[in-house]
Each structure stands twice: as C-alpha cells, then as structure tokens.
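One structure is given below, encoded as structure tokens.
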Amino acid sequence: MISFKKNIVHIGFWACWSRKSCYPLIFVFISLVFLYSCNKNIQVSQKVSGNSEIINDSVVKKDVGSKSSLESEEKRDMKNGDSDSEEERDIAAVAAAEHANLFVENDYPSATTCATCHPKHYKEWSVSQHSYAQLSPVYLSFSSFTNEFTNGTNGDFCFRCHTPIGANLNEDPFMSNLDRHPASREGITCIACHRITKAYNKRSGRLAIQKGDLLAPVYGPKGGEELKRVLDNTDKYRVVTEKGKPGRKIHTQAVKFEPISSSTFCGQCHDVTLLNGFRLEEAFSEYRMSPAAEKGITCQDCHMGKVQGIPSGYEEGPAAIVGGKETAPRKLTNHIFAGPDYSVIHPGIFPHNVEAQEMATMREWLQFDYKAGWGTDEFEDKVAEDMKFPARWESIDDRYDAREILNVQFERLEWVRQKRLEVLKNGYKLADAVITRNDKDGLAFKVKVENLTDGHNVPTGFAAERLVFLQVTVTDKTGKEVFKSGDLDPNGDVRDHESSYVINGDLPLDDQLFDLRGRILVTSSRGGERERVLPVPYPVTTTPFIRPTTRSRVLTGETPATRINRRSLSPLDHKWAEYKVDGDLMTGAGPYKAKIDLIAGMAPANLIGAIKSRGFDYNMSAREVADNVGAGYEVLESKNIVFDFKEGDLIETSFLNSLISIFE
Numbered sequence: 024m025i026s027f028k029k030n031i032v033h034i035g036f037w038a039c040w041s042r043k044s045c046y047p048l049i050f051v052f053i054s055l056v057f058l059y060s061c062n063k064n065i066q067v068s069q070k071v072s073g074n075s076e077i078i079n080d081s082v083v084k085k086d087v088g089s090k091s092s093l094e095s096e097e098k099r100d101m102k103n104g105d106s107d108s109e110e111e112r113d114i115a116a117v118a119a120a121e122h123a124n125l126f127v128e129n130d131y132p133s134a135t136t137c138a139t140c141h142p143k144h145y146k147e148w149s150v151s152q153h154s155y156a157q158l159s160p161v162y163l164s165f166s167s168f169t170n171e172f173t174n175g176t177n178g179d180f181c182f183r184c185h186t187p188i189g190a191n192l193n194e195d196p197f198m199s200n201l202d203r204h205p206a207s208r209e210g211i212t213c214i215a216c217h218r219i220t221k222a223y224n225k226r227s228g229r230l231a232i233q234k235g236d237l238l239a240p241v242y243g244p245k246g247g248e249e250l251k252r253v254l255d256n257t258d259k260y261r262v263v264t265e266k267g268k269p270g271r272k273i274h275t276q277a278v279k280f281e282p283i284s285s286s287t288f289c290g291q292c293h294d295v296t297l298l299n300g301f302r303l304e305e306a307f308s309e310y311r312m313s314p315a316a317e318k319g320i321t322c323q324d325c326h327m328g329k330v331q332g333i334p335s336g337y338e339e340g341p342a343a344i345v346g347g348k349e350t351a352p353r354k355l356t357n358h359i360f361a362g363p364d365y366s367v368i369h370p371g372i373f374p375h376n377v378e379a380q381e382m383a384t385m386r387e388w389l390q391f392d393y394k395a396g397w398g399t400d401e402f403e404d405k406v407a408e409d410m411k412f413p414a415r416w417e418s419i420d421d422r423y424d425a426r427e428i429l430n431v432q433f434e435r436l437e438w439v440r441q442k443r444l445e446v447l448k449n450g451y452k453l454a455d456a457v458i459t460r461n462d463k464d465g466l467a468f469k470v471k472v473e474n475l476t477d478g479h480n481v482p483t484g485f486a487a488e489r490l491v492f493l494q495v496t497v498t499d500k501t502g503k504e505v506f507k508s509g510d511l512d513p514n515g516d517v518r519d520h521e522s523s524y525v526i527n528g529d530l531p532l533d534d535q536l537f538d539l540r541g542r543i544l545v546t547s548s549r550g551g552e553r554e555r556v557l558p559v560p561y562p563v564t565t566t567p568f569i570r571p572t573t574r575s576r577v578l579t580g581e582t583p584a585t586r587i588n589r590r591s592l593s594p595l596d597h598k599w600a601e602y603k604v605d606g607d608l609m610t611g612a613g614p615y616k617a618k619i620d621l622i623a624g625m626a627p628a629n630l631i632g633a634i635k636s637r638g639f640d641y642n643m644s645a646r647e648v649a650d651n652v653g654a655g656y657e658v659l660e661s662k663n664i665v666f667d668f669k670e671g672d673l674i675e676t677s678f679l680n681s682l683i684s685i686f687e
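With the first letter of the sequence shown counted as 1, position 4 gets the number 27 in the numbering used here; the numbers rise by one all the way through.
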C-alpha cells in the first residue's frame, strides 16, 4: 500500500513538471484522500467487529435523530414475532445494566435515592419543568440543529443548564437520553442545586457540582441542627453514616447555603446570553428591573410557595421522613416549578417514577403501547391468543402492573396541568372588551390583555417560542362564522409569516392576529434583517461560526447578528388587541356574537418543522411531536361580546342605499 502511494506521488509530480499543469497533482491528491479514507474504514470495521462495547459506543454517539441499529432490529423482531433474537438479548442486557446503575451510589446520586426520605419533594419535582428539562425531545433537537448550523461552535451551551450532571460528567450533548447516566437525564435534579457551594450569578450554566455519594454534605436554606438531632438518635431513626455499614444511609452534614434562597441563584440559568452577545432569555434581567425586586419579593416567593405564580407564603411540615418518622416541622418550599412547558413523551418515562424505573427501562417503556389499551380489561379480554408482544410485555400480569403505574402517571400529569394553568392564569388577564363600532357597515372592538405579575414580562424566558395569542370568532345569528383570527392551520400554527401554509399561499395571512410571542430577527450579509424561526443567520454560502464578541454587547446594548423583537408585556403592563369586521363579511341583521379566547402553548408547530432534520429522541416523528405540542394548548380565559342592532334599522338603511343607487 505504501509503495503504491509513493508511485502515485512520483508519477503525479512528473506529470506536473512535464505538462506545466496542476491538474494531475489535483488528481493525485484526490487519490491519496480516497486511499486514506479506505484504509481508515477498514481499520474501524475491524475494531467494531471485534468488540461489542464499541458497537454500543457507536450507537450512543449517533445524533439525537438517528435510530440505533439495535432499536431498528428490535422493531423488526417484534414485527416478525422473534422474541429470542440476539439483538433483543442485547437489549435485555443493556436494560439490566441500566436498571442496576439506577440506584447505585456514586459521585452523582439520582433523585430516586433522595425520594426515600423526601417523598413530598420528590413527588413535586418529578412532574416539574426542572425534571423534564433534559428529557424534552424538542430541546434535544433544537440544540443539535443549532450546533449543526454553527459548525459545532455552540458546543454544550444548552446542555450545561438542561443537565448539569451530564455536563459535569462530560457526556456527549447529542447522545440519546436512553443511554445517559440516570442522574443526567433527570435534568435539574436534586444535587444540581443542593450540591452547589458557590454563587455564580448570571453564568448561563457551567456550574461545578460537588461530587459525593449520599453520605456527602448537602447544601440548603437551613443549617444542620435537625440533621444533628437525627444523627444523635440513630436508634430511633435507624440511620448510618459509614460506608459499607448496613442500614439506612443519610447525609453526614447539612450546610446552610444562603444564596440558594436568593433570586440570583435562579439567574445562574434563567438569563441566557450566548458568547456572541445574543440575549436568548432574560427572565432574571427582567426581574432585577421589576417592582417585585424593588419590594424584596424573590423568585422563590412566587414559584416555590403555596400558590404557583404569586407570593402566597410557604407550607409548614417535616422536610424528611426517616424510617417512617417525621422530622421537626419547618418551612417547606414547593418544588413543582409549574410553567408553560409540558411533556410530549411516553408516560412511562415522564413523570419520573421510582416504581416505573424499577419495573422497566426507558427502552422497554417505549415498547408499551398504552394507547392501544394494553393492561386494560377492554384490551386484554379481546386480545388474540397468537398476538406477539415484546419480550418484556409478554406477561399479561406485567401489562396490568404497568397499566396501574401509568394510571398514577396520568393522575400526576393532570395534577401538574392544573398547576400550569394556575401559574399562567396568575400571569395573564383577559380584561375589558369594548365595542367601538356596531352597524351594518361593519363591527369593531378591542380587548385588553394584561400582565398580572410584577416580577417579569409575560411571556418570559424563551419568549421567542412561547405562544400566547387571542383566538377570535365572530358568528351571525344563525351561528355561521363571518370572521376569524387566531385560528390554526393544519400543522397547528397560527396564520403568521412562519406558517408553512401561509408561506405556500394555501391560507391567507392573519393580518389582525394578536400574539405575544417574540420574533427572532437575523442579520443578512448586506445588513438587513429578516424574521427566522431559529436564532442562527441563514447560511447562503458557508456555515457560520459563533465567535466570542470583541466587546461587551451586554453592557452597550449593541445589536449582534441575531436579536429578538419582543412583544411580551412588561410587569403590570397591558396591550389592546383591536379587530375590525368589514361590512361585506356580514350576512344580515344581528345579533352577532364574538367569542374571544386567550390561549397559551409551549411552542409553535413551525419550530418542530424547522428542527425536524435532526430527528427526535425516543424514535418520535415530527408529526407526533407537533401533535403532542398542540394538544397541550390551553384556553386561559374566554369572553363573549354581543353586537345587537335592530333588523328594522338594517332594512331601512338598505332601502335608503337602494334609493341612492336608483338616482345615481
């Protein structure tokens, strides 16, 4: 091989010198590249075929959207009814390893370990946006897409806030959640806050978490007095603080960490400024300039109290239940952190559930077809005897047990849905509705939308993807629709400039749409700006790099290549939404009725369409993700307006118009 390469080089240089041309040399270069790549591929193939662990690694390092060969083989086996295939046995081995790792005490304990003594905190956290942060397939594909279109220079920027454990473990940001460390896929898990020992301020993540097993110190708003009392009564609480000693393990120390009770602690992740100066999220900055901050109200006062979204005081009760015995009552903070996000994934995976994790792995739960009714009498009484199930779910008893777990999951999802509505309704208000025109030539009215909070804008955070809009429908006396705004296209988008149906000319632009979602504007190569779904300038010729800014744009306010045109409401502010119905749309005499709905959603469907090239984790399709996102849209408040004018007035006016036309 080496002598062959040397001969090619010799011939190439001779040809170049003799013909005074570079074309032969180019041919030589291409040949060398081809031979080198072939040689590398042969070496890699040999390594993979001789080591099963490298096969697993190659699957792990695929993009989020790619489907592992193991999973695709598994699906083929399920279809063919071959439950004893080699691939399925491999999956079973992986499943067993994942299960064994779940409760292993290591440097980064899982929340399932904390649940033993802190069941209330765990239950609240298990359905929270914090616990969903890393599991979200939308986030994973968004992060992957951003890196693809910035040549990888965005790196682990998103990853380090969504899973601080994964960042500390130096995990690949783009691997599937199915292959992550159990504590890593828990997102902002217990130790992500309670093993922080420094106040980092506005850091956009990158937090150093103190390593240690369950025995290591924890950091919180209180000191260690109550823990010391428990440790002094080991016979009563049956706890141990020594490694290797049988019994219930417990922290050796509880350290008071005052920053954890401050809003600045939240600002470590809830102010997101990219290295090029682009301010993606500004929730903490908004708070610091708010009336709430001036009054000394903290983020925790609104988001960890009795009621989601308003200062409502805190519960009192035991912080832990050790060996069935409650610790002394104290102030309790709520860890549900309700907000605009909601789950779009399999209920066996989220909410986090210790029993669900003990029963099956994530891969196995994805095989459980709960929509078909597995584990219910309606399904099991009618199922064909020769129906093939995945190996894990062949037992009817296991299917019934799984259904019982899922019923608990559905209850918890409904619980957090009500909490989500609570926080959203405490933030938005559909206030006054005023009729400004009411005659046969048309209708006009306006509606006031208010921000009830004094702590930050609404929507806040990733405001460019938080969909909050008015849906208005006007009907005549027969119920026929004569006007509509805020209706959705078949994809689930409002009819704005980012709706594919509007772009393709299949539906008209909704020019009276009222929505509060910000718009991302990117700078073109010639200095102009245009609206874009994603915060990456469109590459015309080359893929852009994200480079650190040469000056502090955060301080100067200078516009970078990307910015957000905000439409959100400032604290305690309001906007009027104005609507007009032309006379040519009216069908006759009144009364006419206008139904106005204030609707909030996690994200628009066009975001799913923009990032679908990267695929979605858990083998979900873009259609499935978009439908699940749309299913979570909630009506926060509704109003009805009646436009009533007498039929006689309308006839008289019509008669006068006809007379005028005759004389003309």
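By construction, the Cβ of each residue, glycine as well, lies at the ideal position given by its N, Cα and C atoms.
- About 11 Å separates the CB atoms of S164 and C181; that is not less than 8 Å, and the two are not in contact.
- Ranking Y260, S522 and R226 by CA distance to the CA of I344 puts Y260 first.
- Across the set H358, R271, R311 and L250, the C-alpha of H358 shows the shortest separation from the C-alpha of E338.
- In this structure, D179 sits away from K225, with a CB-CB distance that is not shorter than 8 Å.
- Its Cα nearest to that of I631, the residue V648 stands out among N642, V648 and Y641.
- Annotation: H375 is outside any beta strand (DSSP E) and is labelled neither H nor E by DSSP.
- With contacts defined as CB atoms closer than 8 Å, V472 and H597 qualify as a contacting pair.
- Exclusion of the five residues before and after R586 leaves L544 as the residues of its chain whose Cβ lies within less than 6 Å of its Cβ.
- Under DSSP, V278 takes part in a beta bridge, and its partners are Y242.
- Distance from the CA atom of R589 to the CA atom of V559, rounded to whole angstroms, is 17 Å.
- Pairing G336 with A617, the inter-Cα distance amounts to about 39 Å.
- Around the CB of A306, 16 or more other CB atoms lie within 10 Å, so the residue is classed as buried.
- Between Y310 and H479, the CB-CB gap stays under 8 Å.
- Non-local C-beta neighbours of F485 in its own chain, meaning closer than 6 Å and more than five positions away in sequence, comprise E304, ordered along the chain.
- Non-local C-beta neighbours of K507 in its own chain, meaning closer than 6 Å and more than five positions away in sequence, comprise T496, ordered along the chain.
- Going by beta carbons, F168 and I619 fall outside the 8 Å limit.
- Note on I419: under 16 other CB atoms within 10 angstroms of its CB, so exposed under the neighbour-count rule.
- In this structure, A206 sits away from P160, with a CB-CB distance that is not shorter than 8 Å.
- For the options A351, E248 and D424, the alpha carbon positioned closest to that of A379 is the one of D424.
- The DSSP-derived three-state label of H326 is helix.
- The beta carbons of L621 and L453 sit closer together than 8 Å.
- Looking from the CA of A600, the closest CA among T483, A456, D529 and D499 belongs to A456.
- In the three-state reduction of the DSSP assignment, A617 falls in the strand class, which pools E and B.
- A direct Cα-Cα distance of roughly 20 Å separates E401 from E434.
- The beta carbon of A138 sits closer than 7 Å to the beta carbons of Y145 and V377 from its chain, once the five residues preceding and following it are set aside; these are given in chain order.
- Here Y423 carries a helix assignment [DSSP, helix/strand/coil].
- Here DSSP, grouped into helix, strand and coil, assigns Q152 to helix.
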